[in-house]
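Take a look at the structure below.
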Amino acid sequence: MLARIHFFSLVFAASTTSYDYIIGQFRPQNPLVHNTSAYGTAFVSIIDYAYQSAPQTYVGNKVETMRAGKALGGTTTINGMSYTHAEEIQIDAWQWIGNQGWTWQNLVPYYKKGEIIQVPTPAQYSAGANYNSLYNGKSGPLLVGWTWDIQNSTVHAELRSTYEHLGILYLPDVNGG
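What the sequence shown shows, in mature numbering (1 follows the signal peptide of the UniProt record, and there is no 0), is residues -18 to -1, 1 to 159, in sequence order.
Following this line, the structure appears as structure tokens:
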């Protein structure tokens, strides 16, 4: 009974208080976590592990930084709440290494089951937000959409133009594989 009371006390406390729990420290209302419009500001901060790779042969022995959130919630706490599905080739690789049935086509229904897409506003469309209903859910528990400030950005239009200039296929919906 004590465990049950303790559990409910924790649930109640969590539902009435807003805090960030950073491993080893307590930081109430950390702006590096709460400001979803400031993507990247938490990089190289107290809440980023910033793992370094071994030198990468095919990029001139460059050492790459792998971001990882040092907080309850992991990397979601430092990536501006970015949400995308993995790429088709990444998922299909699971089957190629021996995990039968682990393919993009088999995973997509589960992505869709877990999310509900928030259709972009006209201003967000103009700024480059886009989606394809074939790849996004309509009734799951996770609301997926764009931040309000996308309409004040040109990054998507510039990215599309760059891809087209280089002859690279541009996927308007990154969740499309």
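We treat Cβ as the ideally placed atom computed from N, Cα and C, and that holds for glycine. This one's a predicted model, so the numbers in the text were calculated from it and none came from an experiment.
- DSSP places L125 in the uninterrupted beta strand (DSSP E) bounded by L124 to V126.
- Contact between E97 and V137 does not hold, since the beta-carbon distance rounds to 23 Å and is not under 8 Å.
- Listed as beta-bridge partners of M48 by DSSP are Y33.
- Using a Cβ distance threshold of 8 Å, N88 and G158 do not count as a contacting pair.
- Following the DSSP letters along the chain, one finds E70 inside the alpha helix (DSSP H) bounded by residues E70 to W78.
- Here A53 carries a strand assignment [DSSP, helix/strand/coil].
- If you look at N88, you'll find it in the alpha helix (DSSP H) that goes W86 to K95.
- Under DSSP, I98 takes part in a beta bridge, and its partners are K120 and L125.
- CA-to-CA, the gap between A36 and R49 works out to about 15 Å.
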